[in-house]
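Residue numbers (the working numbering): 1 to 249.
Notes to accompany the following structure.
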Amino acid sequence: MIEGSFAVVTLTNPDRRNAQTPALWRALAAVGRDLPGDVRAVLLRAEGASFSAGLDRRMFPGGGGIAGESDLVTLAGASDDELDATIASFQEAFTWWRRPDLLTVAAVQGHAVGAGFQLALACDLRVCADDARFSMRETALGLVPDLAGTKPLVDLVGYARALEICVTGRWVGAQEAVSMGLATLTVPREDLDGAARDLLAALLAAPRDAVIETKALLAGASARTYDEQRAAERAAQARRLRDLAGTGE
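Here it is in structure tokens:
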């Protein structure tokens with residue numbers, strides 16, 4: 001749903017705690033591809049008690065399967081190239097949220113488990129209800145987090161904390177998420193949507209081109225040396241000054 005300069009994407013399967021399937025991932029990837037060019041920000045939210053309980057258990061061995069979809073056992077029987085391409089297609093649902101021309105905020109309530117945790121991590125920022133609980137359960141199930149969540153998790157909390165969270169699969173509550181940098185703030189459940197929209201409004205107050213340049217600077221900072229980052233700042237500022245003066249390309 002488009003609301004002026006931002007879009008709202010809502011997970012709408014509360015009866016299954018917004019469990020995720022390949023069909024959902026295809027739909028989310030399509031949202032990213034089809035966003036109008038004038039959309040500057042996206043709010044990701046979910047209906048019901050939980051943000052997302054992770055991968056739909058019907059995909060697991062003995063889970064009964066989902067019509068028209070390959071379960072995990074079937075995926076395991078694919079060739080290396082086929083399996084790599086399939087997982088890459090799943091990841092498309094999680095990667096577009098960090099595009100340099102967008103600002104994205106996840107509003108998280110209840111459980112955000114596995115794929116749900118990774119979908120929240122796909123966004124630039126997270127606002128949590130006070131009942132939010134994150135858990136990365138893949139390793140406990142004999143798997144690894146493979147939906148583009150490991151990089152943002154390490155960037156946010158550091159290698160050691162990310163390792164502990166992933167390998168133990170423990171719950172991270174809302175207050176701890178804020179204290180370790182996973183979330184921007186936590187609010188009472190009834191205030192979640194309003195707080196997320198307020199944050200979006202604040203993010204949208206600055207000029208779009210300046211936001212895009214700033215986001216690119218910050219997103220690339222960890223991969224640059226100090227001197228490389230200073231050079232990137234100079235180049236970005238030169239573009240902004242020339243644009244403001246009307247002499248840019």
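Even glycine gets a Cβ: it sits at the ideal position worked out from N, Cα and C.
If you're wondering where the values come from, they're calculated on a predicted model, not measured in any experiment.
In the structure shown, the three-state DSSP call for CYS128 is strand.
The beta carbon of ASP146 sits closer than 7 Å to the beta carbons of ILE87 from its chain, once the five residues preceding and following it are set aside; these are given in chain order. Distances from the alpha-carbon of TRP25 to those of ARG170, ALA122, ASP15, ALA78 put ALA122 closest. With a threshold of 16 other beta carbon atoms within 10 Å, GLU213 meets it and is buried.
Within the same chain, and ignoring the five residues on either side of VAL39 in sequence, the residues whose Cβ sits closer than 6 Å to its Cβ are ALA7. Judged by beta-carbon spacing, SER222 lies beyond the 8 Å limit of VAL172, meaning their Cβ atoms are not closer than that value. Boundaries of the alpha helix (DSSP H) harbouring ARG239: 226-245, taken from the DSSP string.
Residue range 133-135 is occupied by the beta strand (DSSP E) that includes ARG133, with no alpha helix (DSSP H) assigned at that position. Ranking ALA76, LEU125, SER79 by CA distance to the CA of ALA183 puts LEU125 first. Annotated three-state conformation of GLU3 is strand, per DSSP.
In the structure shown, ARG17 falls within a coil segment according to DSSP collapsed to helix, strand and coil. In terms of CA proximity to LEU72, ARG57 leads the group ALA85, ASP81, ARG197, ARG57.
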